[in-house]
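Participant: Heads up: the sequence shown begins at 13 in the working numbering, then just goes up one per residue. By construction, the Cβ of each residue, glycine as well, lies at the ideal position given by its N, Cα and C atoms. Bear in mind that the values here come from a model prediction, so they are computed numbers and not experimental data. Before we start, here is the structure in question, set down as structure tokens.
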Amino acid sequence: MSEVTVSFIVINTIGTGVGTFVNLFLCYVAIFYSPPIIKTYSIILINITLANVGACVSGFLLQERIIQDKKSLFYVSYGPCSLLGERFCFNVFGAYLHFHTHALWLVFLSFAYRYYVMIQKEPSRRALQFSVFIFYLPSMTQFLAMIFQEMDLNEVRVVLQSKFPQYNLTGLTITGAVDIIAFAPLYTLIHMTIISIPIAIGIQILRRKIIAVLISKGVDLTTRSRNLHAQLLRTLTFQATVPLIYFLDVFFFFLTRFWSHPILEFSIIIPSLIVPILTPLSSLFYVTPYRNFVLRLFSAKSKFQTVGSQSIIQVISLD
Numbered sequence: 013m014s015e016v017t018v019s020f021i022v023i024n025t026i027g028t029g030v031g032t033f034v035n036l037f038l039c040y041v042a043i044f045y046s047p048p049i050i051k052t053y054s055i056i057l058i059n060i061t062l063a064n065v066g067a068c069v070s071g072f073l074l075q076e077r078i079i080q081d082k083k084s085l086f087y088v089s090y091g092p093c094s095l096l097g098e099r100f101c102f103n104v105f106g107a108y109l110h111f112h113t114h115a116l117w118l119v120f121l122s123f124a125y126r127y128y129v130m131i132q133k134e135p136s137r138r139a140l141q142f143s144v145f146i147f148y149l150p151s152m153t154q155f156l157a158m159i160f161q162e163m164d165l166n167e168v169r170v171v172l173q174s175k176f177p178q179y180n181l182t183g184l185t186i187t188g189a190v191d192i193i194a195f196a197p198l199y200t201l202i203h204m205t206i207i208s209i210p211i212a213i214g215i216q217i218l219r220r221k222i223i224a225v226l227i228s229k230g231v232d233l234t235t236r237s238r239n240l241h242a243q244l245l246r247t248l249t250f251q252a253t254v255p256l257i258y259f260l261d262v263f264f265f266f267l268t269r270f271w272s273h274p275i276l277e278f279s280i281i282i283p284s285l286i287v288p289i290l291t292p293l294s295s296l297f298y299v300t301p302y303r304n305f306v307l308r309l310f311s312a313k314s315k316f317q318t319v320g321s322q323s324i325i326q327v328i329s330l331d
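What follows is the structure, given as structure tokens:
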């Protein structure tokens, strides 16, 4: 195994491990420590954390490398999924991609929700849950399309070897699409690359509208409510910039169409490892109730360690 491959596996393992821990921690905090005023909004936040956990776990199972040539896409898996076969790895890859797109749609829904509750009555929890499901449909369609995609594994391996004879991929788990001009690969490609542009534009439009409402003197918001909206806006603004990292994935993806190299092929996945780490950290940092919980948690640990140290010193002194 080459040094490039080993380096990627180490980076992937660390990134997915940290992302899983941080998102599970935020999910716990959002469930048990969300103040009443953002209890309904926490439904979206919890769904974002779960989507991020799914992306991290599936990313760890995959340890994916993407190779492409004109109308063909090939996926080489170095992760634990390979123990269960090519088709399983391909399905995990479909889940991985759909978790990332769903998380991006949820960020857009977060902005839409914030704007809606500032000009209308807050929706019920059931209505918001239904909205989450509606926004999940594009990603679910993408996942199901990949699940039911027909694939001749022998043909995929033969075509890959013929187009990239310089690569020694013997014994590795290889899947892909020989012709991307089919519904599943084409829909996934469009959803992963092109659709992110209007989503990003929509997020920026909603952000400006929210700011306009917040600074409006005539808006009917209490001081506490206004402060919480402002905190959530800072969180969402940060989360809106983080998905721009996905454009690095797109950049590396299109770059490999003109220049094939293992570093570039591994790098297509690397930027997306950062997003599930930064998005939960923004909520833990910017939303005051969550930040206070984290500070109390670390403060309690610090006091416990201090008391423990003092007890040890007293025991030594008695001796």
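Checking the sheet assignment: what are the DSSP bridge partners for Ile79?
Facilitator: Stepping through the sequence shown from its first residue, residue 79 is reached at position 67. For Ile79, which the question treats as bridged, DSSP gives the partners Phe86.
Participant: For the structure I just gave you, are there three or more beta carbon pairs, one from the stretch 187 to 203 and one from the stretch 168 to 179, closer than 8 angstroms?
Facilitator: Counting Cβ pairs under 8 angstroms, three or more are found: they touch.
Participant: I'd like to confirm something about Ser54: is its beta-carbon nearer than 7 angstroms to some heavy atom of the ligand ADP, or not?
Facilitator: Among the components of this structure there are no ligands whatsoever, and the ligand ADP is therefore not found.
Participant: Specify the secondary structure class of Gly71 as computed by DSSP and reduced to three states.
Facilitator: Along the sequence shown, one-based indexing puts residue 71 at 59. Three-state result, Gly71: helix.
Participant: Can you give the Cα-Cα distance for Leu74 and Asn24, rounded to whole angstroms?
Facilitator: Position 62 of the sequence shown, counted from the start, is the residue given in the question as residue 74. Position 12 of the sequence shown, counted from the start, is the residue given in the question as residue 24. Approximately 9 angstroms between the Cα atoms of the pair.
Participant: Report the residue from Gln161, Leu121 and Ile215 whose alpha carbon sits nearest the alpha carbon of Asn103.
Facilitator: Walking along the sequence shown from the start, residue 103 turns up at place 91. Answer by Cα proximity: Gln161.
Participant: State yes or no: is the C-beta of Leu285 within less than 8 angstroms of the C-beta of Thr28?
Facilitator: For the purposes of this step, residue 285 is identified with residue 273 of the sequence shown, where counting begins at 1. For the purposes of this step, residue 28 is identified with residue 16 of the sequence shown, where counting begins at 1. Going by C-beta atoms, Leu285 is nearer than 8 angstroms to Thr28.
Participant: Contact check, Phe155 vs His203 under 8 angstroms by CB: the rounded distance?
Facilitator: The residue labelled residue 155 in the question sits at position 143 within the sequence shown. The residue labelled residue 203 in the question sits at position 191 within the sequence shown. That pair is no contact at about 10 angstroms.
Participant: Reducing DSSP to helix, strand and coil, say where Ile289 ends up.
Facilitator: For this step, residue 289 is matched to residue 277 along the sequence shown. Under the three-state reduction of DSSP, Ile289 is assigned to helix.
Participant: Could you round the C-beta distance between Val337 and Phe278 to whole angstroms and report it? I think they count as a contact, below 8 angstroms.
Facilitator: The structure shown does not extend to residue 337, since the chain is modelled only from 13 to 331, so the question has no answer here.
Participant: For the 8 angstroms Cβ check, are there 3 or more pairs between the stretch 77 to 87 and the stretch 136 to 147?
Facilitator: no
Participant: So if DSSP puts Ala189 in a beta bridge, which residue, or which two residues, is it bridged to?
Facilitator: Your numbering for residue 189 matches position 177 in the sequence shown. Looking at the DSSP output, Ala189 shares a beta bridge with Leu85.
Participant: When you compare each of Ala124, Pro283 and Gly183 to Phe20 by their alpha carbons, which one comes out closest?
Facilitator: If you number the sequence shown from 1, residue 20 lands on position 8. Ranking the options by Cα distance to Phe20, first place goes to Pro283.
Participant: Run the CB neighbour count on Asp261, radius 10 Å, all protein chains shown included, and call it buried at 16 or more, exposed below.
Facilitator: Against the sequence shown, residue 261 aligns to sequence position 249. By the neighbour-count rule (16 or more Cβ atoms within 10 Å), Asp261 is buried.
Participant: Contact defined as beta carbons within less than 8 angstroms: I believe Tyr298 pairs with Val41. What is the distance between those atoms, to the nearest angstrom?
Facilitator: Residue numbering aside, residue 298 sits at position 286 when the sequence shown is read from its first letter. Residue numbering aside, residue 41 sits at position 29 when the sequence shown is read from its first letter. Tyr298 to Val41, Cβ: 13 angstroms. No contact.
Participant: Check the C-beta distance from Ser54 over to Leu116 and give it rounded, since I have them as a contact under 8 angstroms.
Facilitator: Within the sequence shown, numbered from 1, the residue matching residue 54 stands at position 42. Within the sequence shown, numbered from 1, the residue matching residue 116 stands at position 104. Contact doesn't hold; Cβ gap of about 19 angstroms is too wide.
Participant: Is it a yes or a no for the stretch 84 to 94 touching the stretch 46 to 53, going by three-plus beta-carbon pairs under 8 angstroms?
Facilitator: no
Participant: Give the straight-line distance between the Cα atoms of Leu181 and Trp271, rounded to the nearest whole angstrom.
Facilitator: By one-based count along the sequence shown, residue 181 stands at place 169. By one-based count along the sequence shown, residue 271 stands at place 259. Note on geometry: alpha-carbon atoms of Leu181 and Trp271 lie some 18 angstroms from one another.
Participant: Whose C-alpha, out of Ile58, Val88 and Lys83, is nearest the C-alpha of Gly71?
Facilitator: The residue you call residue 71 lines up with position 59 of the sequence shown. Nearest option by C-alpha distance: Val88.
Participant: Can you give me the C-alpha to C-alpha distance between Phe100 and Leu85, rounded to a whole angstrom?
Facilitator: Translated into positions along the sequence shown, residue 100 becomes position 88. Translated into positions along the sequence shown, residue 85 becomes position 73. Cα to Cα, the separation comes out at about 17 angstroms.
Participant: In whole angstroms, what separates the C-alpha of Ile49 from that of Glu134?
Facilitator: Stepping through the sequence shown from its first residue, residue 49 is reached at position 37. Stepping through the sequence shown from its first residue, residue 134 is reached at position 122. Cα-Cα distance, rounded: 10 angstroms.
Participant: Can you give the beta carbon distance from Ala67 to Tyr108, rounded, assuming they're within the 8 angstroms contact cut?
Facilitator: The residue you call residue 67 lines up with position 55 of the sequence shown. The residue you call residue 108 lines up with position 96 of the sequence shown. Correct: roughly 6 angstroms between the Cβ atoms.
Participant: Can you give me the Cβ contacts of Leu121 inside the same chain, cut-off strictly under 8 angstroms, excluding the 5 residues immediately before and after it?
Facilitator: As a working mapping, residue 121 is identified with position 109 in the sequence shown. Cβ within range, chain order: Ile56, Ser143, Val144 and Phe147.
Participant: Can you tell me whether DSSP reads Ile281 as helix, strand or coil?
Facilitator: Here residue 281 corresponds to residue number 269 of the sequence shown, with the count starting at 1. Coil at Ile281, not helix or strand.
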